[in-house]
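The structure appears below as structure tokens.
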Amino acid sequence: MRGMISVDDWIATLPIERQKAIEARGKELIAKVERRMTLAALRKERKISQATVAEALGIGQMQISRLEKRKDPRLSTMARTVAAMGGHLTMIATFPDQEPVVLIPSALTEKTASRAKRA
0 MRGMISVDDW
10 IATLPIERQK
20 AIEARGKELI
30 AKVERRMTLA
40 ALRKERKISQ
50 ATVAEALGIG
60 QMQISRLEKR
70 KDPRLSTMAR
80 TVAAMGGHLT
90 MIATFPDQEP
100 VVLIPSALTE
110 KTASRAKRA
């Protein structure tokens, strides 16, 4: 490990203005990750109507309204709804003693394992 320097030590060697810019960008990125929204708020921010999402899912607008009001919607329903808005749902588990982990459905793990066996 000879000759290695920590990121903090390296940043400390930069001009103050550059250090401030790096800190500001870091705060900006953290704020994006920490942003929380409901499905309804996400849909509204993307300027998509309930009727548009309902049509994409092949259901009625009233069902979208009910879904957005549910306290505990099914994960598969949320994933389909986000997909209907043009996105992809990702779940991240956070723990105080380790880095965040992206959770994937077990079906993806099984598909990956079966592909690896065939290769």
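Okay, so the sequence shown: first residue is 0 according to numbering that gives the first Met the number 0, each after it adds one.
Backbone N, C-alpha and C fix where the C-beta goes; we use that ideal spot for every residue, glycine too.
Just so we're clear, the structure is a prediction, and the values are computed from it rather than from any experiment.
Query, Result
"Same chain, Cβ closer than 7 Å to residue 78, five either side skipped, listed in chain order", "88"
"Burial state of residue 53 (16 or more Cβ within 10 Å)", "buried"
"Collapsed DSSP secondary structure at residue 74 in the structure displayed", "helix"
"DSSP three-state assignment for residue 93, whether helix, strand or coil", "strand"
"Identified DSSP bridge partners for residue 101", "91"
"Candidates 22, 34, 33 and 39, of which the one nearest residue 83 by Cα", "39"
"Short CB-CB distance (under 9 Å) between residue 3 and chain E", "Among the chains in the structure shown there is no chain E, since it carries only a single protein chain."
"Supposed close pair residue 92, residue 81 - CB separation, criterion 8 Å", "So it is not a contact: roughly 18 Å between Cβ atoms."
"Proximity of residue 29 and residue 49 at Cβ, strictly below 9 Å", "no"
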